[in-house]
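What follows is one structure encoded as structure tokens, with my remarks underneath.
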Amino acid sequence: MPVHHQADKILRFRQGASQANPVLEKKRTKKPKLHPSVRRRRLIWLVSMVVFVGWACIQMIIQQFQIWDQQEQLTLKQEELVVVQKETIGLKEAIQKLKSEDYLLELAHRLGYSKPGEQNYIIEGN
Numbered sequence: 001m002p003v004h005h006q007a008d009k010i011l012r013f014r015q016g017a018s019q020a021n022p023v024l025e026k027k028r029t030k031k032p033k034l035h036p037s038v039r040r041r042r043l044i045w046l047v048s049m050v051v052f053v054g055w056a057c058i059q060m061i062i063q064q065f066q067i068w069d070q071q072e073q074l075t076l077k078q079e080e081l082v083v084v085q086k087e088t089i090g091l092k093e094a095i096q097k098l099k100s101e102d103y104l105l106e107l108a109h110r111l112g113y114s115k116p117g118e119q120n121y122i123i124e125g126n
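When we follow UniProt numbering, the leftmost residue of the sequence shown carries the number 1, and every step to the right adds one.
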């Protein structure tokens with residue numbers, strides 16, 4: 001359908017929607033600019049979300065390092081516990097020996113004590 005423009009006195013044909021240029025079609029359907037308060041609210045929301053996510057990531061990293069330190073301390077304490085348990089077992093065995101009369105007599109002889117009528121001979125070993 002011919003359209004006549006008065007400004008340039010040229011006869012032009014109107015293009016249908018199927019023949020329209022996609023680039024020109026995008027330019028025609030521009031989104032209207034947002035109100036400044038809406039843009040400001042969106043920017044504040046975006047900044048606050050970035051700050052929150054950054055803080056959360058930093059906290060996770062800090063907590064992971066704390067977990068590693070505590071695991072290391074736990075390992076050391078477990079090793080200490082094994083040593084103390086072995087020492088406890090040794091002390092319990094020593095207590096059982098001290099309850100034995102034969103062992104007490106042996107200790108007394110080592111310290112130079114003897115029963116009446118006995119003589120102690122000190123044999124010096126290598």
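Beta carbons are placed, not taken as given, at the ideal position from N, Cα and C, and that holds for glycine. None of the values given here were measured: they were computed from a predicted structure.
Would you call the CB atoms of L98 and L104 closer than 8 angstroms?
It is a contact, given that the beta carbons lie within the stated cut-off.
My output table needs one value for P116: the three-state DSSP class, helix, strand or coil.
Looking at P116 - three-state DSSP - the assignment turns out to be coil, as it is neither helix nor strand.
According to DSSP, is S37 helix, strand or coil?
Helix, per DSSP.
When you compare only the Cα positions, how much space is there between R41 and E72?
Inter-residue distance for R41 and E72 is about 47 angstroms (C-alpha atoms, whole angstroms).
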